[in-house]
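The block underneath contains the structure these notes are about, expressed in structure tokens.
Number of protein chains: 2
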Amino acid sequence: MRNPQKARVSILDAAERAFAELGYGGASIRGIARDADVNQAMIHYYFQNKDQLFDEVIDRRAGAVNAQRNDALDRLFAEGVPTLEELMEALLRPTIEMGHDESRGGSAFARLVVSFSNSADERSRNMAIEHYDPIARRSIAAMRQVLPELDMAAAVRAYLFSISVALSVMARTGRAARLSDGLCNDSDTEETVSTTVAFSCAGIRALAKQAVNQFDENVE
Amino acid sequence: MRNPQKARVSILDAAERAFAELGYGGASIRGIARDADVNQAMIHYYFQNKDQLFDEVIDRRAGAVNAQRNDALDRLFAEGVPTLEELMEALLRPTIEMGHDESRGGSAFARLVVSFSNSADERSRNMAIEHYDPIARRSIAAMRQVLPELDMAAAVRAYLFSISVALSVMARTGRAARLSDGLCNDSDTEETVSTTVAFSCAGIRALAKQAVNQFDENVE
DNA sequence: GAATTTATCAAACGTTTGATTAATAGGATC
DNA sequence: GATCCTATTAATCAAACGTTTGATAAATTC
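First to last, the protein sequences are chains D and G.
In the numbering used here, each residue carries its 1-based index in the first sequence increased by 809.
In the numbering used here, each residue carries its 1-based index in the second sequence increased by 809.
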């Protein structure tokens, strides 16, 4: 009965690392308990079972980052219609910054999300539907407001492409450094944000143009 | 001694599905054996242990797709320096087509690669180094040949961004369809290739321009 | 057609898994 | 200081895990 809050948090932290590194099936309650320095039964005491523990691991970070993104959208559209660059930075920065903040799970949570957002099993689908579809729909609508020539299908693709780029830089596997002989530093947050935003915006505009061209071809 | 070839292949197929859906730790030899309709011991007879089974699952597809990509590069540069669009299509098409070909693992292998290419554990790093770094280095060099203003760091980022987009569409989780109310069809191979190439090329050119601008700022 | 190799099987190995239990310690409340 | 709720512990459970075994059937070799 020493410190229930601290126990809860250190279990969540350890679980986050374990799920990220080993996957859901590979992570073990025993290993998590050892890593968190708590008795094994404490995990069931606080989180009932492995499934709910996993849910709370996701909840904690996804809730925070999506609140940030929603706030940024609110602020942006309060002053009229923003530029595409402003919009995409508002959407991608919170994700990338969390991936760079070790006090908030850092790249471990990022790898966890990347891995599950590209899976098709039921647990993954439920996670996407519950935690990421709402902000996705709002973002897609916002993109079309900023870039009206973007049709629905193109906007959905553009959003998913952009997110997949942001998640991959958030995951920070060290591969960029390896392939560039250390020239590429994936822990510089500002450079990563500006690079990711530049890449995404150019790509999105290309998809918008592609849609317009297809339309032209059809009417000719 | 009925059909060793068929047994091997059906084990590999079942393992591919299992690893993709459940992760390395979540997939079980027992489950794979059941799914492949072979005795559990056959898996150890053919593949020694779980680790080597995993390796061979990756080997089979990665070897095939990378051979295709290398061939495409050979052909492309035999006739001089190609356009960026030609280069990126040569690199991305084999990946995307494999993700759409159910007779070659389809989206299961894609999800497997996505998940492991964004992980940082030793198994994942070894997989990337062994199977994907060589073609990555060659591709990055080719990109810089096509677009000389792309510096090394930008080229590495551009390549990793493009690959992450291609992998995400290859994974086909059905999310695009869900978010677009069925408007977005992620199983149309040609549309996916052209969209992915268009997005990537525009993004890459933006990174090249960004590098030039930074250079301008420095000399001013 | 005997000897040898390859392929397959059912059963068991010891270990680890997620989960539960019964007992207990710590602080607060009365 | 007895009561009570919260927090924590060690011990235990059945099930599932990866792997090994010994036996056997089928094919190949000589």
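Ideal placement from N, C-alpha and C gives every residue a C-beta, glycine not left out.
Measuring CB to CB, does G/Leu896 end up less than 9 Å from D/Gly834? Going by C-beta atoms, G/Leu896 is not nearer than 9 Å to D/Gly834.
By the 10 Å Cβ neighbour count, where 16 or more other Cβ atoms means buried, how is G/Pro891 classified, buried or exposed? By the neighbour-count definition (other C-beta atoms within 10 Å, threshold 16), G/Pro891 is a buried residue.
Below-9 Å beta-carbon distance, D/Arg870 vs any chain G residue: no
How should G/Pro903 be labelled, buried or exposed, when 16 other C-beta atoms within 10 angstroms of its C-beta is the threshold for buried? buried
Alpha-carbon spacing of G/Leu901 relative to G/Ala816, whole angstroms: 32 Å
In three-state DSSP terms, what is D/Glu1029? Caution applies to D/Glu1029, whose pLDDT of 47 falls short of 50 and renders its modelled position unreliable; the value that the coordinates give is listed next. D/Glu1029: coil per DSSP, three-state reduction.
Is the CB of G/Asn935 under 9 Å away from at least one CB in chain D? no
So D/Ile1013 and D/Ser971 are in contact, right, with Cβ under 8 Å, and what is the actual spacing, rounded? 7 Å
Please report how far the alpha carbon of D/Ile838 lies from the alpha carbon of G/Val965, in whole angstroms. 38 Å
Does the segment 924 to 944 of chain D come within contact of the segment 984 to 1003 of chain D, defined as at least 3 CB pairs closer than 8 Å? no
Short of 6 Å in beta carbon distance, which residues of its chain neighbour G/Ala967, apart from the five on each side in sequence? Order them along the chain. Ile1013 and Leu1016
Once the 5 residues before and after G/Glu1029 are set aside, which same chain residues still bring their CB inside 7 Å of it? Residue placement at G/Glu1029 is flagged as unreliable, the pLDDT there being 47, under the threshold of 50; a coordinate-derived value is accordingly withheld.
List the endpoints of the continuous alpha helix (DSSP H) containing G/Asn994. That residue, G/Asn994, is in no alpha helix (DSSP H); it is neither H nor E in DSSP.
Take D/Ile852 and list the residues in its own chain whose beta-carbon comes closer than 7 Å to its own, dropping the five residues that flank it on each side. Ile820, Ile838, Ile841, Ala842 and Leu862
DSSP on D/Val974, reduced to helix/strand/coil? helix
Please list, in chain order, the chain D residues whose beta carbon lies closer than 8 Å to that of G/Leu893. Within 8 Å Cβ-Cβ: nothing; G/Leu893 doesn't reach chain D, min ~12 Å.
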